[in-house]
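Accompanying notes for the structure given below.
In my numbering, the protein residues as written are 7 to 144.
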């Protein structure tokens with residue numbers, strides 16, 4: 007009876023170990039195939055068949071990525087007089103959040119000017135711009 011119990015216990019342990027071995031082999035093969043496919047794709051994209059050099063391929067890739075915007079604009083024009091504090095404006099091709107707006111009348115025949123103090127939303131630098139209030143800006 008004890009012999010049968012120990013035999014069945016060892017058989018179940020060997021089965022469970024063999025299942026773990028099969029799982030380990032399966033995972034190993036899966037990772038190997040994944041790495042092989044990744045290397046193949048890398049070689050095909052960057053090295054290719056030799057008809058183009060790497061510089062040309064990168065130029066084609068850069069062209070495709072730069073024209074992937076479907077003609078959408080990054081900013082839309084808005085009249086300067088309608089921009090208020092905590093709004094957003096483009097100053098020197100940088101997206102900024104407006105911190106302070108002040109208007110000044112320049113004289114008898116001059117235009118009302120708006121002075122914007124804004125902070126670049128990407129690097130935190132302070133930028134300033136003075137624009138006539140009747141003009142449009144992004």
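Glycine is no exception: its CB is placed at the ideal position from the N, C-alpha and C atoms.
{"Query": "Within the same chain, show all residues whose beta-carbon is closer than 8 Å to that of residue 117, passing over the 5 residues directly before and after it, in chain order.", "Result": "138, 139, 140"}
{"Query": "For residue 109 and residue 129, I'd like the C-alpha separation in whole angstroms.", "Result": "26 Å"}
{"Query": "Hey, could you find the ends of the beta strand (DSSP E) residue 86 is sitting in?", "Result": "Premise fails: residue 86 is in no beta strand (DSSP E) and is neither H nor E."}
{"Query": "Using the beta-carbon count (16 or more within 10 Å), is residue 105 buried or exposed?", "Result": "exposed"}
{"Query": "Could you tell me if residue 124 is buried or exposed, where buried requires 16 or more neighbouring beta carbons within 10 angstroms of its beta carbon?", "Result": "buried"}
{"Query": "At what residues does the beta strand (DSSP E) containing residue 95 begin and finish?", "Result": "94-97"}
{"Query": "Reducing DSSP to helix, strand and coil, say where residue 136 ends up.", "Result": "strand"}
{"Query": "Our contact map puts residue 4 next to residue 83 with C-beta atoms below 8 Å; I'd like the distance itself, whole angstroms only.", "Result": "With the chain covering only 7 through 144, there is no way to say anything about residue 4."}
{"Query": "In angstroms with no decimal places, state the Cα-to-Cα distance between residue 173 and residue 107.", "Result": "Residue 173 lies beyond the stretch modelled for the chain, which goes from 7 to 144, so this question has no answer here."}
{"Query": "Return the chain-ordered list of same chain residues with a C-beta closer than 8 Å to the C-beta of residue 6, the five sequence neighbours on each side being excluded.", "Result": "Limits of the chain in this structure are 7 at one end and 144 at the other, which puts residue 6 out of reach."}
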